[in-house]
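One structure below.
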Amino acid sequence: MTDDDRQVLANRQHPIIGVAILCDVLRELDIDPGPVLAESGIDPAIVRDPGATVKASQELAFIRRAGIVSDVGDLGLRAGRRHHFTLFGMWGFALAASPTLDDAIRIGLRYIDLTHTFLRWTYVPMPQEPRIELVEAGRLGAARRFVIDRDMSACVTLLQDLTGNR
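Counting from 28, one number per residue, gives the positions in the sequence shown under the numbering used here.
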């Protein structure tokens, strides 16, 4: 782990949902996530506890190891497609309860630290082409592609959920 990783991940807790979703994807690939969880220092008993948290460094280790054991290039996209707002508790409810998409994006980004992202998100509300910019919060190494793919795919999934459009 680099010094950048240590700075980004120091004492940061993530909701378990990102790990739980990736466990489901691994199972669908006929891979037992138990050994990967153990190697990452994550107790398998907490994976289905919606209130559980895990150290961000453990989640990142789990992502890296899952990428190695699965050897699937679209693992992040598969995981991101499962990130519906209903899985995010109060954060997801706040998105769904927002009166406009613009409000949902703003509130979502304001409280983005309640999610399990490893990226810094910025909304640029340009009149003709609004956009969301993502920047690594630290060097992600072997997990970089997974994290970017997962978070971009999750963003699309959330936008589809909120707008009802594909």
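C-beta atoms are modelled at their ideal positions from N, C-alpha and C, and glycine is treated no differently.
Computed from a predicted structure; not experimentally measured.
The way I'd put it, the segment 94-106 does touch the segment 34-54; three or more beta-carbon pairs between them come closer than 8 Å. Collapsing the DSSP output to three states places Ile132 in a helix. Each residue's CA atom was taken as its position, placing Ala106 and Gly68 some 21 Å apart. Rounded to whole angstroms, the separation of the alpha carbons of His41 and Phe115 is 11 Å. Per DSSP, the continuous alpha helix (DSSP H) segment holding Pro60 begins and ends at 60-66. Residue environment: Val151 is assigned as exposed (fewer than 16 neighbouring CB atoms within 10 Å of its CB, all protein chains considered). With fewer than 16 other Cβ atoms inside 10 Å of its own Cβ, Thr190 counts as exposed. For Ile159, the enclosing beta strand (DSSP E) has its first and last residue at 158-163. Scanning its chain for C-beta atoms nearer than 7 Å, with the 5 sequence neighbours on each side dropped, one finds no residue around Met153.
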